[in-house]
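Participant:
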Amino acid sequence: MKRYTAQIALIVALAVSMGISFASDSMDAYYLDIALNVGINIILAVSLNLVNGHTGQFSLGHAAFMAVGAYGASIFTLEASQKLIPLLGGPSAFANGTAFCIALVLGGLCAAICGWLVGMPSLRLRGDYLAIVTLGFNEIVRVILQNTDSEGPFGGPLGLKGIPPHTTFFWVFAFAAVCIYVVASMVNSTYGRGFLAVRDDEVAAGSMGINTVRYKVTAFVTGSFFAGLAGGLYAHLRTTISPSGFDFLKSFDIVVIVILGGMGSTAGVIAAAILLTVLNEFLRDFEQYRMIIFSLLLIIMMIVRPQGLLPSLPFFNRKKSA
Amino acid sequence: AVGLSSCKGKKEDENTIVIGEVASLTGGTANFGQSSHNGTQMAVDEINAAGGLLGKQISLVTEDDQSKNGEAGIVAKKLISRSKIKALLGEVSSSKSLEMAPIAQAAGVPMISPASTNAKVTEAGDYVFRICFIDPFQGTVGSIFSLSKGWKKVAILTDSKEDYSVGLSDAFRKHFSTNGGTVVAEQSYGKGDKDFKAQLTAIKGAAPDAIFASGYYNEVALIAVQARELGITVPLVGGDGWDGPSLLEVGGKAMEGCYYSNHFSNEDKSPAIQEFVKKYEAKHGTKPDAMAALGYDSAMILFDSIKRANSVEGPALRDAIAATKDYSGITGKITLDAQRNAKKPAVILTVKDGKVVYTETIAP
Amino acid sequence: MSAGLELKDVTIRFGGLKAVGDLSFSVAPGELVGLIGPNGAGKTTVFNLITGVYTPTSGQIHFEGTPVPGKKPHEITRMGIARTFQNIRLFSSLSVLDNVRAAMMTHLKRGIIHSLSRGPVYHREEAAIEKDAIELLDIFGLANRCDANSKSLNYGDQRRLEIVRALATKPKLLLLDEPAAGMNPSEKDDLMQLIRFIKERYNLAVLLVEHDMKVVMGICQRIAVIEYGCKIAEGTPKEIQCDPRVIEAYLGVTVES
Amino acid sequence: MLEVKDLYVSYGAIKALHGVSLNVPKGSIVTLIGANGAGKSTTLRALSGLVKSTGSITYEGQQIGGLAPHKIVSRSLCHVPEGRMVFANLTVKENLAMGAYLQRDKGWIAKQTDYVFHLFPRLKERENQAAGTMSGGEQQMLAIGRALLSNPKFLMLDEPSLGIAPLLVKSIFERIVEINREQGLTILLVEQNANLALDVSSYGYVLETGKILLEGPSAELKANPKVQEAYLGA
Amino acid sequence: MEQFVQQLLNGLFQGSIYALIALGYTMVYGVLRFINFAHGDVFMLGAFTAFGLHKLLAGTLAALPWPVSLVIILLASMALCAALGILIEFLAYRPLRNRPRLNVLITAIGVSLFIEYTGQLAFGADQRPFPELIPRTAIASTGGLTISVAQVIVLVTTLLLLFGLRMIVMKTKMGLAMRALSLNPTASTLMGVNNSVVISFTFGLGSALAAAGGILYASLYPSIEPFMGIQPGLKAFIAAVLGGIGNIPGAALGGLIIGITETLVKGYGQYIGIKPGYSEGVAFVILILILVFKPSGLLGKVEREKV
Ligand SMILES: Nc1ncnc2c1ncn2[C@@H]1O[C@H](COP(=O)(O)OP(=O)(O)OP(=O)(O)O)[C@@H](O)[C@H]1O
Ligand SMILES: Nc1ncnc2c1ncn2[C@@H]1O[C@H](COP(=O)(O)OP(=O)(O)OP(=O)(O)O)[C@@H](O)[C@H]1O
Ligand SMILES: [Mg+2]
Ligand SMILES: [Mg+2]
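Taken in order, these protein sequences are the chains called X, U, C, B and G. So for the first sequence, the working numbering puts the first residue at 61; every next one is plus one. So for the second sequence, the working numbering puts the first residue at 31; every next one is plus one. So for the third sequence, the working numbering puts the first residue at 2; every next one is plus one. So for the fourth sequence, the working numbering puts the first residue at 121; every next one is plus one. So for the fifth sequence, the working numbering puts the first residue at 354; every next one is plus one.
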């Protein structure tokens, strides 16, 4: 049975999020909001970790994929859901849920396609060059969205509003669980060790038969997909989105989570996502001192725990070799 | 800088009415947020000094959204569910008000935005109000004023990052070109830019009679300086986004003879306004700008409505706010229409001898 | 001759420098060939040409009749050519075992979806891979260091791990770049045994670059000598040792073998 | 000249040296041999301050244990590290200039550079090539040449013959002896090629898993059957 | 035509200010191999230091001709910021020596946020007018073209710093040590280089350059506020990458290219269907296009790794 721990954990996670979701109506709206934020940040950070941590590519543009997913999913919900829901058997919990799920996945796919388009030419760049190109892509996405027509489908600088609040506990944590499962089982397999090999030494990886480009693109596209998904969830949680919410500073936030958690450590990154999201709320009471405290914590944390919160703690325990 | 608000986390008890406020106290638009917060706080202090409302003291809980989109919604939720606020004030920026509005609406907490001028803000529902005019109106005012000056050829310079500026320019363009004017050049920039020479050179080539610069004062001041450097002498015209202390400090001589529309003029001789200006100056050391006045008015209208409703329950308070009619605020006579927007006149101000002076009032 | 590796008139230039010029030689299946020459003669460059790290300026390289240039390194590896690196290039953050397993990825029949399913077939495949990897490590006496980080191995063990990792790709031709560097004479003796052993066991062709003449002369069936990128001699160890040009350019004196 | 007592070094949990003691008299060549992982490189790293160590290191009567590497270099101890560590993107010439970083006498530098070029003509040929693109052996030559430019009084060589062609190995060792004899340079030599090392040195230490196993005059060690079997591959 | 020339001039001056900031950026990167996101904030501090000094010394300076007082303020601010840069390095970055570069990057983000928000607390959120250290008067010229004194000074300073910096990095011993250190810090200590000193020097020099950039920038665009460093910092970073990170002439070239293209897009993009609003993204588009064809930047050396 031990072999299937991962699958069982996934199913349990799905069931638990479903259960909590039913109870969430009676939860405090603010605390629920924090919880959902945590979940969304987990998806963002775990997926970015696949790119930055496991594959060793340095992307600074995760928020762009989040934006693409957020806009994609929202536009689908705003424009097409109404037509789709009757086809699914009228407005019922099931039909609404399915339509939302389709919107999210669609958003994810849009982001994945963008990820592919950006990744193909730019992944041959190394280190900081890739970082700046992804950061550039991030800004380009924002600028393009900002310059769309205010009356058009993208809403110009004001963005989209009136997005229905479909995001529930279940959707966030179900997708977070799926994301963790996918990333962790991708990396912890013989196939997935290729990601780590590419990170450590691309030339050697190539000489060991590893198609480095394919791996990098796979990581990038998968990461983008989940970022897009998270974007969709975010849009349907906040109900309004605007381009400036997805600028490169947002990407920085996600990178901070990843590095604080420990590059390449899924568990660490999850811990960091929780910690930073909650810390952010906790620091609110400090008003103008908040960011000063936050930045100091960041600097101190890097000095005292440079290897991250939970370094090199593999998510699935490797079977001990004989 | 603003002091830490002392009532943080104060829980509701039978002797206080808790009011929430969302403002950008830090980050890129902190100047607006801090001004409006100062105004709001002043209103609260005054009402408390006068014995409070319904026999209770008002407690204001302010949350900072760091000028970041995405944060305003969270803090609105926090205020509603944690601080159990009875009403919500804020935000200055429309995109943030748009995040808060559906939350306030869903929770049945009346919300008054002091200065969000985007038309869509109050569309969220019947709990969402504003006490300022809206972008289309201000853009139109700019156009009416320009036409009245006999300017037939105008260039538009928009901050394409700011929905506010885009909205003003849209309205201006529509009105101006259907009423006999020609827009001879359109240029844009992004908030935070410092160099406008390229845009201005292009505009100079079109030889306009005036430039409608719909952005905020931070950039407008630099635009004016650079325009003069390039030898452009025609006046600049803008909206209430120009209102800020550093417009003249930075713009200096370059601002001479430029015009902008605003909610109020702190030069206004009416005693109510002068008293407000005096009190504000005593407390903060600077003259109040429009954001401060609007922050003050938004709180005062809320208090007035609470008084009239004699209740802080959502529906009753909502109806009372909606019934606001001819309220004499610092920023003019305020009447809320069926769309929960304020129908107010705008004043046109001009810079003369290094001072902002009142020129005329344009009614809706 | 279509089997094995064949280089014909291969040339590569770096700017003005001709690192390899009109070089031709071949390695037949199962053969153990030495490639020697002074420092900077172009030996490592030849490896880089064969494995697709560099593309020749001119000339042809065929492996089992298929042209090699233009192919990506990973494609060449999949054709059955594996190598070690003169400057050790292990996957430094991976454990010893994972270094080997990473190289075994080439043999996976199924891809990424499969590793997501984590079904019985997947587990069977993983188990088989682990078994193979440990078996290989065992040959080189590294099985007890499975969980150690590859960086913490000493220099000699890192060299051995390089060989194991190359073997894990199941090559038909193994290119070894100075495998004995940094080993003392008795360790070199062991290494020679091991190279012979794996050659037989896995039916490998081996192309060996090495400066230790005892090793080269001791195990190679045939030796090619290059200087300034050009072949100056080729033959059996005996012939090479007596070749005056080789002595002058490279050996200095005849070595006793 | 250099006296080491009870040197201990560990890398995290791994104990690499437990109590190494050795003595290098002025003007001598002393060699350190041992199997892979014995701790030879670690010993040199400890001496040049690259790794933290406990124990005492006395150089010309002064404690140098715990000093920063650059402080140790400024006392004319020079370490040619394992793995060469040339500055990949600097040219050969610039690498040599880095070697002379602490030298002030321009004339001496020029003379010594010529000497290095005379020692390794290949370096002269490739003066302006980026060091990183040089072949393995060429880089090794550069590393040695660079060390000579720092005008050392005490030179630590970690496997100088690594990756060097036989003809050149011989000539490098001849030079080492020559420098030692002519310039009175003291040399601590770590070498896998124990035969050669014992030939050129006067005294030798055999290191095994972080401890000194054997020591003695080189000729004696070379004759020792245990050493022959374990390290000389007889 | 006249307008086009004016636009080119606009672009040239805009570009030279980017180049000026990029120089320091690229030098610090070249040596330490990490993106110092706080560079833009030291730039901001430079402007504020000059602002403060000008206020403090107003009486004394008023008597002096402007070039003298400019030089005094410039040098004093540069020195103060250099000290600050060294301090930042000592407190925040030095403990992370030998740590993965990404950690240092996060620390840099932390330092950047710290400076920005402390700045906001200390200086207030609103912009301040920057004193006219350099007369903003136009140098009258033919045919309606305008160039101001400040612009000329910026251009000249950029050129001087470009050559000065290149001399330091390529021709001096310190420069050699900087380059060696960037390639292999272990080996450089083995050559007798005191890495800490070199790193402190680099930071000090970089911060002084940032401060100079900040002051000249504020002289061109006379308003300063705590977040003023973000955008130019980003642009300078792009310029540095575009030219090949670590390459000093490359940074200058990158700055000029970005400045000129941006200006032309703003001025003429409309005629080919590019909204002026897109000009913000132009720098990135150029960057991506160039990197796709030349992955190590315009003048960047291909870091050929010997396998
Ligand atoms: N990328 C490159 N750029 C420029 N020159 C190069 C490059 N790669 C190799 N060379 C030069 O080509 C020649 C051959 O190098 P190679 O590494 O193949 O030598 P080698 O025979 O392996 O020598 P060694 O025994 O010292 O390892 C050397 O002179 C080297 O400097
Ligand atoms: N950076 C490191 N981290 C952890 N362990 C290390 C590190 N460097 C060396 N070791 C360990 O310390 C011990 C001594 O290593 P050292 O490199 O000194 O050996 P050596 O005698 O030089 O061997 P070789 O002949 O292979 O170079 C070895 O067991 C090695 O695995
Ligand atoms: Mg070689
Ligand atoms: Mg060693």
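The beta-carbon is built from N, C-alpha and C at its ideal position, and this holds for glycine as well. For clarity, every value in this text was computed on a predicted model and none was experimentally measured.
Would you mind sorting serine 152 (chain X) into buried or exposed? The rule is 16 or more other CB atoms within 10 Å of its CB.
Facilitator: The residue in question, serine 152 (chain X), is exposed, as its Cβ has fewer than 16 Cβ neighbours within 10 Å.
Participant: Relative to the C-alpha of serine 66 (chain B), which residue among B:Phe274, B:Ser270 and B:Thr163 is closest?
Facilitator: As shown, chain B starts at 121 and ends at 354. That puts residue 66 (chain B) outside it, with no answer to give.
Participant: May I ask you to list the residues that DSSP assigns as paired with serine 130 (chain B)?
Facilitator: In DSSP, serine 130 (chain B) forms a bridge with B:Lys135.
Participant: Quick check on the burial criterion: 16 or more other C-beta atoms within 10 angstroms. Buried or exposed for glycine 5 (chain C)?
Facilitator: Buried, by the Cβ-count rule.
Participant: Taking the alpha carbon of glutamate 328 (chain B) as the point to measure from, which residue in B:Gly219, B:Lys191, B:Ala188 and B:Gly154 has its own alpha carbon closest?
Facilitator: Ranking B:Gly219, B:Lys191, B:Ala188 and B:Gly154 by Cα distance to glutamate 328 (chain B) puts B:Gly154 first.
Participant: Could you have a look at lysine 44 (chain C) and say whether DSSP puts it in helix, strand or coil?
Facilitator: Here lysine 44 (chain C) sits in helix by DSSP.
Participant: What residue from X:Glu341, X:Val364 and X:Val316 has the CA that sits closest to leucine 458 (chain G)'s CA?
Facilitator: Comparing Cα positions, the closest option is X:Val316.
Participant: Is valine 344 (chain G) buried or exposed, if buried means 16 or more other CB atoms sit within 10 Å of its CB?
Facilitator: Since the first and last residues shown for chain G are 354 and 660, residue 344 (chain G) lies out of range.
Participant: Nearest-angstrom Cα distance between threonine 233 (chain B) and leucine 410 (chain G)?
Facilitator: The straight-line gap from Cα to Cα measures roughly 54 Å.
Participant: Taking a contact to mean a Cβ-Cβ separation below 8 Å, would you say tyrosine 382 (chain G) touches alanine 540 (chain G) in this structure?
Facilitator: Not closer than 8 Å, so no.
Participant: What is the chain-ordered set of residues for which the beta carbon lies under 5 Å from any non-hydrogen atom of ligand 2?
Facilitator: This selection yields C:Ser153, C:Asn155, C:Tyr156, C:Gly157, B:Tyr131, B:Ile134, B:Ala136, B:Asn156, B:Gly157, B:Ala158, B:Gly159, B:Lys160, B:Ser161 and B:Thr162.
Participant: At 4 residues or longer, what runs of the alpha helix (DSSP H) sit wholly inside the region 92–179 of chain U?
Facilitator: As far as the region 92–179 of chain U is concerned, its whole alpha helix (DSSP H) runs of at least 4 residues are 101–111, 124–137 and 165–178.
Participant: Nearest to alanine 478 (chain G) by CA position, among U:Asp334, U:Gly274 and U:Leu324, is which residue?
Facilitator: Of U:Asp334, U:Gly274 and U:Leu324, the residue nearest in Cα terms is U:Gly274.
Participant: Examine chain G for any beta-carbon lying closer than 8 Å to the beta-carbon of proline 366 (chain X), and answer yes or no.
Facilitator: Judged by the 8 Å Cβ criterion, proline 366 (chain X) is in contact with chain G.
Participant: When the Cα of isoleucine 102 (chain X) is compared with those of X:Ile334, X:Tyr349 and X:Ser81, which residue comes out closest?
Facilitator: That would be X:Ile334, whose Cα lies nearest to the Cα of isoleucine 102 (chain X).
Participant: Would you say threonine 46 (chain C) reaches chain X, if we count a Cβ-Cβ gap shorter than 8 Å as a contact?
Facilitator: With 8 Å as the cut-off, threonine 46 (chain C) does not count as an interface residue toward chain X.
Participant: Does ligand 1 have even one heavy atom less than 7 Å from the beta-carbon of arginine 246 (chain B)?
Facilitator: Arginine 246 (chain B) Cβ: within cutoff of ligand 1.
Participant: Span of the beta strand (DSSP E) holding phenylalanine 64 (chain C)?
Facilitator: It spans 59–64 - the beta strand (DSSP E) in which phenylalanine 64 (chain C) sits, taken as one unbroken run.
Participant: Looking at chain G, is there any beta carbon in it that lies within less than 8 Å of the beta carbon of asparagine 209 (chain B)?
Facilitator: Cβ-Cβ to chain G under 8 Å: yes for asparagine 209 (chain B).
Participant: Valine 645 (chain G) CB to nearest chain X CB: under 8 Å?
Facilitator: Closer than 8 Å to some Cβ of chain X, the Cβ of valine 645 (chain G) qualifies, so yes.
Participant: Using DSSP bridges, identify the partner residues of leucine 309 (chain B).
Facilitator: Answer is B:Thr151 and B:Leu277.
Participant: Using 8 Å as the limit for Cβ to Cβ distance, is threonine 525 (chain G) near chain B?
Facilitator: No, threonine 525 (chain G) does not count as interfacial toward chain B.
Participant: Report yes if the CB atom of serine 119 (chain X) is closer than 8 Å to the CB atom of aspartate 200 (chain U), and no otherwise.
Facilitator: No, the pair does not count as a contact, with Cβ atoms beyond the cut-off.
Participant: Listed from N- to C-terminal order along the chain, which residues in the region 268–297 of chain X have their beta-carbon within a distance smaller than 8 Å of any beta-carbon of chain G?
Facilitator: Flagged: no residues at all.
Participant: Alpha carbon to alpha carbon, how far is leucine 537 (chain G) from phenylalanine 207 (chain B)?
Facilitator: Just to set this straight, residue 537 (chain G) is asparagine in the shown sequence, not leucine. Approximately 6 Å between the Cα atoms of the pair.
Participant: When you compare the CB of isoleucine 317 (chain X) with every CB in chain G, is at least one pair closer than 8 Å?
Facilitator: Output row for isoleucine 317 (chain X): interface = no.
Participant: Cutting at 7 Å between CB atoms, please list the residues of its own chain near threonine 383 (chain X), excluding the five before and the five after it.
Facilitator: This structure leaves residue 383 (chain X) out entirely; chain X is present only between 61 and 382.
Participant: Enumerate in chain order the residues of its own chain whose CB-to-CB distance from leucine 406 (chain G) is below 7 Å, with the five nearest sequence positions on each side excluded.
Facilitator: Excluding residues within five positions, the ones whose Cβ falls inside 7 Å are Ile426, Ala429 and Ser430.
Participant: Pick out whichever of B:Tyr351, B:Val347 and B:Ser338 has its Cα sitting closest to the Cα of serine 87 (chain B).
Facilitator: Past the boundaries of the shown model lies residue 87 (chain B); chain B is included only from 121 to 354, so the question cannot be answered.
Participant: Closer than 6 Å by C-beta to isoleucine 359 (chain X): which residues in its own chain qualify, once you throw out the five before and the five after it? Chain order, please.
Facilitator: So the list is empty, once near-sequence residues are dropped.
Participant: So, does the CB of glycine 383 (chain X) fall closer than 8 Å to a CB anywhere in chain G?
Facilitator: Summary: the structure shown does not reach residue 383 (chain X), with chain X confined to residues 61 through 382, and so no result is reported for it.
Participant: Across the region 257–272 of chain U and the region 281–293 of chain U, are there enough close Cβ pairs to call them in contact, namely three or more that are closer than 8 Å?
Facilitator: These segments touch.
Participant: Taking serine 572 (chain G) and leucine 455 (chain G) to be in contact with their CB atoms under 8 Å, please state how far apart those CB atoms are, rounded to whole angstroms.
Facilitator: Not confirmed; about 36 Å, so no contact.
Participant: Please determine whether the Cβ atom of glutamate 202 (chain B) lies at a distance below 7 Å from any heavy atom of ligand 4.
Facilitator: It does: the Cβ of glutamate 202 (chain B) is within 7 Å (strictly closer) of some heavy atom of ligand 4.
Participant: So what does alanine 237 (chain X) bridge to, in DSSP terms?
Facilitator: In DSSP, alanine 237 (chain X) forms no bridge with anything.
Participant: Given the structure, does glutamine 249 (chain B) come close to ligand 1, in the sense that its CB is under 7 Å from one of the ligand's heavy atoms?
Facilitator: Yes, Cβ of glutamine 249 (chain B) sits closer than 7 Å to a heavy atom of ligand 1.
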